[in-house]
Structures are given as structure tokens and as C-alpha cells.
Amino acid sequence: KRSGAIQHKSNLFISSKLVEIFGIDLRSLALFRIAVALVSLWDLYDRATDLSPHYADSGILPRWFVAGRLWNENWFASIYFITGAPFFIAILFIVHASISFSLLIGYRTWLSTFLSWFFLTSLHDRNTLITHSGDWLHSCLLFWSMFLPLGKYFSVDAVLKKESGPHPPDQPSYRGHFTPILESLFHPRDTSHLHISVGAIAFAIQIFVMYFTAYYHKTGVEWRETYTATWLSLQVDFFRTSFGDFLVAFPNLCKMLTWSVHLWQGWGYLLFYSPILTGPCKAFCIFGYLAMHIGFGLCLRLGQFTLITCAAVLGLIPSWIWDELAKTFTSNTSYKITYLLNNPMARRWTAILTTFSLIP
Numbered sequence: 208k209r210s211g212a213i214q215h216k217s218n219l220f221i222s223s224k225l226v227e228i229f230g231i232d233l234r235s236l237a238l239f240r241i242a243v244a245l246v247s248l249w250d251l252y253d254r255a256t257d258l259s260p261h262y263a264d265s266g267i268l269p270r271w272f273v274a275g276r277l278w279n280e281n282w283f284a285s286i287y288f289i290t291g292a293p294f295f296i297a298i299l300f301i302v303h304a305s306i307s308f309s310l311l312i313g314y315r316t317w318l319s320t321f322l323s324w325f326f327l328t329s330l331h332d333r334n335t336l337i338t339h340s341g342d343w344l345h346s347c348l349l350f351w352s353m354f355l356p357l358g359k360y361f362s363v364d365a366v367l368k369k370e371s372g373p374h375p376p377d378q379p380s381y382r383g384h385f386t387p388i389l390e391s392l393f394h395p396r397d398t399s400h401l402h403i404s405v406g407a408i409a410f411a412i413q414i415f416v417m418y419f420t421a422y423y424h425k426t427g428v429e430w431r432e433t434y435t436a437t438w439l440s441l442q443v444d445f446f447r448t449s450f451g452d453f454l455v456a457f458p459n460l461c462k463m464l465t466w467s468v469h470l471w472q473g474w475g476y477l478l479f480y481s482p483i484l485t486g487p488c489k490a491f492c493i494f495g496y497l498a499m500h501i502g503f504g505l506c507l508r509l510g511q512f513t514l515i516t517c518a519a520v521l522g523l524i525p526s527w528i529w530d531e532l533a534k535t536f537t538s539n540t541s542y543k544i545t546y547l548l549n550n551p552m553a554r555r556w557t558a559i560l561t562t563f564s565l566i567p
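Given below as C-alpha cells:
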């Protein structure tokens with residue numbers, strides 16, 4: 208019996224640790240949903256400023272030219288090919304924006320995610336001449352999002368589920384103090400907020416493959432020997448920002464940044480799967496990538512690329528961050544919401560408060 212109990216505890220430990228390593232926090236997925244929806248809305252606004260030149264028949268790529276010269280029967284058909292009139296294209300943009308807003312608030316989350324992916328891919332296929340890597344990453348992230356529970360937290364769907372459920376929504380109470388890092392050296396943390404599935408693993412791999420391939424293709428001497436890649440990229444005036452104007456005056460600092468970017472793109476993601484100090488290592492990995500992309504955005508005008516990569520990385524924030532924030536802001540504090548069960552308005556507002564609280 209004793210050996211069986213030990214075996215059971217060992218199996219439980221291993222399974223919990225694997226979930227902690229490969230799982231994605233549901234709160235982070237909700238944050239990603241909000242971020243990617245905001246990026247979609249900003250992208251639509253940016254594209255709408257050149258709606259006629261880029262998407263109408265009077266623009267640079269009319270539908271008849273695409274059908275005659277660029278059409279591929281095996282490729283995805285765009286809904287934006289149904290019209291070439293600017294007015295009706297504007298209507299499609301409004302529908303697309305409405306779907307993105309629905310995703311933002313988490314209403315009919317799966318359907319909103321699917322339609323967002325469909326409309327975004329249609330938009331890209333309508334004019335492939337103006338797309339870039341950030342656009343395709345945006346589309347890939349929305350595709351994998353269809354296999355993830357993006358609406359579990361901070362969403363209208365969660366409010367409606369709590370409001371219509373058979374039991375009144377409960378507000379979690381937190382008591383305690385900051386957990387020392389060494390305490391979680393090997394011990395797996397609470398996995399109740401974690402989601403693990405093929406979609407979750409594929410979502411993370413999609414992001415890390417981007418970094419590894421970027422590292423793999425950086426084979427020039429400016430990346431691996433002289434470390435002048437950052438300084439050389441800042442020589443392009445069209446892309447350089449005002450902060451880039453300042454940074455280009457420090458070539459030695461640019462060399463250090465080149466070395467750091469190359470190293471982090473090639474090996475930083477390994478920290479995300481560390482079995483030791485999993486939470487802190489994941490946090491260090493994620494905030495390292497966030498800092499890298501924010502640095503790119505400060506120095507170069509990269510448009511949507513900076514925004515969508517930051518949104519992607521936010522979806523991988525580990526539970527360790529959320530849990531420590533909860534303990535920090537609610538230390539030695541417990542709270543309880545009391546309301547009339549037979550009052551629909553009270554039930555609804557309680558569901559809203561417990562769903563959209565910062566630390567659910």
C-alpha cells in the first residue's frame with residue numbers, strides 16, 4: 208500500500224509538472240484575445256486610409272488583373288473579391304471591425320475567432336503585394352486560437368455563463384504572503400488556471416518557430432562575427448525612428464544589442480520549458496521577448512509587426528506571474544460578495560464583477 212501511494216504521488220507530481228510546463232494560463236489567453244482584437248482593429252483603421260488604392264478595382268490591383276494573372280485555383284478565395292466598389296468594400300471593413308470588437312469583449316468567442324481569421328485571411332489574399340510577415344503571423348495566431356478557450360476569463364461569454372448557471376458565481380478569496388522562489392524549485396504550482404491541449408502546444412510552438420527560424424537564417428558576418436546588424440539596420444532612414452537616430456550614434460552598444468537579439472532568438476525559448484524554477488524561467492523568457500519587440504518598435508517603424516508579436520507573447524505569460532500578483536495585491540485580505548439570489552440585476556452585476564476583476 209505504501210509503495211502504491213508513493214507511485215500515485217509520483218505520477219501526480221509528474222503530470223502536474225508537465226501541465227505546468229506545457230500548459231497556457233487561461234488568464235493569459237484572455238489577455239491575448241483582447242490584445243489581438245485591438246491589433247485587428249488598429250490594422251483595419253490603418254488599411255482603411257488606403258482603401259480605394261489597395262482594395263478597389265480602381266486601385267493598383269483590380270480584380271480582373273488578379274483573376275487573369277495571379278489567380279491560383281488551389282489558393283484561398285477572398286470574400287473581398289465579391290466587390291470592387293469602395294462603398295461596399297467599406298461595408299466589409301465595418302463588418303470585419305464589428306467581428307473584431309466581438310472578439311475583444313469575448314462575445315460568442317469561438318465564432319468571433321473563426322470569423323476574424325476568415326476575414327483577416329480574406330483581406331490578406333485580396334492584395335498580397337502589401338502583406339508582410341506580421342500579417343501572416345496575425346493570421347496563424349488567429350487560426351490556432353480557434354482551438355483555445357479564449358473566452359474563459361474577462362469575457363461576455365463568461366458573464367453569461369455565470370449569470371445563467373445553476374449556482375451563484377463565487378468570488379475567489381486569497382490569503383497568504385509572497386511564496387519564496389526556492390519553494391517552487393521542483394514543486395509544481397497550482398494548475399487550476401492552466402489549459403493544455405494540442406492547440407495550446409501548437410500555439411506556443413508557432414511563436415517559438417518564428418524565433419528559431421529568424422535565428423537560423425541570420426548567417427551573415429554582421430550577425431555572427433562583426434555584430435553590426437543593428438547598426439546597419441538603423442542606416443535605413445525610412446524605417447528609423449527618432450530613438451533610432453539617438454541609438455545609431457553608439458555603435459558599440461549596437462553590437463551588444465545584436466549579440467543579445469541573436470542569442471535570445473536562438474535559445475531564449477528553452478527557458479519556457481524549464482523543469483526547474485518553471486514559473487520564474489517562463490517569466491524571464493516572456494519578458495525577454497517582450498523587451499526585444501518593444502526595442503524593435505522604439506528603433507524602427509515596423510507597423511503592425513511590433514504589435515502582433517507583443518500580443519502573441521502576452522498569451523504565454525505564466526501562471527506564476529498571475530498568482531504572485533494575486534498574492535501581492537490581496538495579501539491577508541479576503542472578500543465576499545453578498546446579493547439577493549432572486550434579483551436578476553444583482554446576479555448580473557455580481558457575474559460582471561467576478562469576471563472582469565483584474566485577478567479572477
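Using the numbering used here, read the sequence shown as starting at 208 and increasing by one per residue. All residues carry an ideal CB built from backbone N, CA and C; glycine is no exception.
Limits of the alpha helix (DSSP H) - the one that Q472 falls within: As a first step, residue 472 must be located in the sequence shown, where it is residue number 265. Its alpha helix (DSSP H) spans residues 458-474.
Give me the DSSP bridge partner(s) of L507. Your numbering for residue 507 matches position 300 in the sequence shown. Answer is R447.
Whole-angstrom C-beta distance between F300 and L258, which should lie under 8 Å: In the sequence shown, the residue the question calls residue 258 occupies position 51. In the sequence shown, the residue the question calls residue 300 occupies position 93. That pair is a contact at about 7 Å.
CB L327 to CB S319, shorter than 8 Å? Here residue 327 is taken as the residue at index 120 of the sequence shown, counted from 1. Here residue 319 is taken as the residue at index 112 of the sequence shown, counted from 1. Their beta carbons are not under 8 Å apart, which means L327 does not touch S319 by this criterion.
Anyone know if the C-beta pair for A570 and L521 falls short of 8 Å? In the structure as shown, the chain starts at 208 and stops at 567, and residue 570 therefore has no counterpart that could be examined.
Out of Q442, F445, T437, W474, state which residue places its alpha-carbon closest to the alpha-carbon of N464. On the sequence shown, residue 464 is found 257 positions in, with the first residue counted as 1. It is worth fixing the name first, because residue 464 is Leu in this sequence and not Asn. Of the listed residues, the one whose Cα sits closest to L464 is T437.
Under DSSP, the alpha helix (DSSP H) around V246 begins and ends at which residues? Within the sequence shown, residue 246 is the residue found at index 39, counting from 1. Here the alpha helix (DSSP H) through V246 covers 233-255.
Cβ contact (3+ pairs, closer than 8 Å) linking the segment 478-488 and the segment 509-518: no
Determine the DSSP secondary structure at L357, reduced to helix, strand or coil. Locating residue 357 in the sequence shown gives position 150, counting from the first residue. Here L357 sits in coil by DSSP.
Measuring only the C-alpha atoms, how far is A244 from Y496? Position 37 of the sequence shown, counted from the start, is the residue given in the question as residue 244. Position 289 of the sequence shown, counted from the start, is the residue given in the question as residue 496. Using only the alpha carbons, I get a separation of about 20 Å.
Looking only at its chain, what residues have a beta carbon closer than 7 Å to the beta carbon of H394, apart from the 5 residues adjacent to it on each side? Within the sequence shown, residue 394 is the residue found at index 187, counting from 1. Since pLDDT at H394 reaches only 48, below the 50 mark, its modelled position is unreliable, and the value read off the structure follows with that caveat. Cβ neighbours of H394 beyond the five flanking positions: none.
Run of the alpha helix (DSSP H) containing Y480, from where it starts to where it stops: Your numbering for residue 480 matches position 273 in the sequence shown. Where Y480 is concerned, there is no enclosing alpha helix (DSSP H), given that its DSSP letter is neither H nor E.
Which residues in the same chain as L401 place their Cβ atom closer than 8 Å to its Cβ, once the five residues preceding and following it in sequence are excluded? Taking the first residue of the sequence shown as 1, we reach residue 401 at position 194. Counting only Cβ-Cβ distances below 8 Å, and skipping sequence neighbours, we find V226, E227, G230, I231, D232, L233, S526.
In the DSSP assignment, the alpha helix (DSSP H) including G275 goes from what residue to what residue? Along the sequence shown, one-based indexing puts residue 275 at 68. Per DSSP, G275 belongs to no alpha helix (DSSP H) and is neither H nor E.
Tell me the DSSP bridge mates of H402? As a first step, residue 402 is located in the sequence shown; it is residue number 195 there, counting from the start. Answer by DSSP bridge pairing, in chain order: I231.
Measure the C-alpha to C-alpha separation of A263 and I306 and round it to an integer number of angstroms. Here residue 263 is taken as the residue at index 56 of the sequence shown, counted from 1. Here residue 306 is taken as the residue at index 99 of the sequence shown, counted from 1. Distance between the alpha carbons of A263 and I306: 22 Å.
From what residue to what residue does the alpha helix (DSSP H) around T316 run? Position 109 of the sequence shown, counting from 1, holds the residue named residue 316. Looking at the DSSP string, the run of the alpha helix (DSSP H) that includes T316 is 316-333.
Looking at the secondary structure, which residues open and close the alpha helix (DSSP H) in which H345 lies? Stepping through the sequence shown from its first residue, residue 345 is reached at position 138. Per DSSP, H345 belongs to the alpha helix (DSSP H) from 340-352.
Out of S329, V363, S404, F361, state which residue places its alpha-carbon closest to the alpha-carbon of M353. Within the sequence shown, the letter at position 146 stands for residue 353. With distances taken between Cα atoms, M353 lies closest to S404.
Three-state secondary structure (DSSP) at G522? On the sequence shown, position 315 is the one that residue 522 refers to. Looking at G522 - three-state DSSP - the assignment turns out to be coil, as it is neither helix nor strand.
Would you kindly work out how many angstroms separate the C-alpha atoms of Q413 and I298, rounded to a whole number? Taking the first residue of the sequence shown as 1, we reach residue 413 at position 206. Taking the first residue of the sequence shown as 1, we reach residue 298 at position 91. If I take the Cα positions, the gap works out to 32 Å.
Could you tell me whether the Cβ atoms of D364 and G406 are closer together than 8 Å? In the sequence shown, residue 364 corresponds to position 157, counting from 1. In the sequence shown, residue 406 corresponds to position 199, counting from 1. Their beta carbons are not under 8 Å apart, which means D364 does not touch G406 by this criterion.
In its own chain, which residues sit with a C-beta less than 6 Å from the C-beta of T420, not counting the 5 before and 5 after it? If you number the sequence shown from 1, residue 420 lands on position 213. Here the set comprises nothing.
If you draw a straight line from the alpha carbon of F272 to that of T290, how long is it in whole angstroms? The count along the sequence shown starts at 1 and reaches residue 272 at position 65. The count along the sequence shown starts at 1 and reaches residue 290 at position 83. Whole-angstrom Cα-Cα distance: 14 Å.
Taking 8 Å as the limit between beta carbons, can you name the residues of its chain near T448, skipping five residues before and five after? Residue numbering aside, residue 448 sits at position 241 when the sequence shown is read from its first letter. Once the five neighbours on either side are set aside, the close Cβ partners of T448 are L505, C506, L507, R508.
Please list, in chain order, all residues of the same chain as F491 whose beta carbon is under 7 Å from its beta carbon, the five residues on each side excluded. Locating residue 491 in the sequence shown gives position 284, counting from the first residue. Hits under 7 Å: L478.
Leaving out the 5 sequence neighbours to the left and right, which residues in its chain are closer than 6 Å to T516 when beta-carbon positions are compared? Here residue 516 refers to the residue found at position 309 when the sequence shown is read from its first residue. H500.
How long is the line joining the alpha carbons of W529 and L367, rounded to whole angstroms? As a working note, residue 529 is residue 322 in the sequence shown. As a working note, residue 367 is residue 160 in the sequence shown. Going by the C-alpha atoms only, they are around 24 Å apart.
Helix or strand or just coil, what does DSSP make of I493? For the purposes of this step, residue 493 is taken as residue 286 along the sequence shown, with counting starting at 1. Residue state, collapsed to three classes: helix.
By Cβ distance, which residues of its chain are closer than 8 Å to A255, with the 5 residues on each side in sequence left out? Start at 1 with the first residue of the sequence shown, and residue 255 comes out as number 48. Hits under 8 Å: A297, F300.
Please state the DSSP three-state secondary structure of V416. Translated into positions along the sequence shown, residue 416 becomes position 209. Note: V416 maps to helix in three-state DSSP.
7 Å CB neighbourhood of S346 in its chain, flanking five on each side removed: Position 139 of the sequence shown, counted from the start, is the residue given in the question as residue 346. W324, L327, T328, H331.
Taking the alpha-carbon positions, what's the L251 to L268 distance? On the sequence shown, position 44 is the one that residue 251 refers to. On the sequence shown, position 61 is the one that residue 268 refers to. Answer to the nearest angstrom: the Cα atoms are 18 Å apart.
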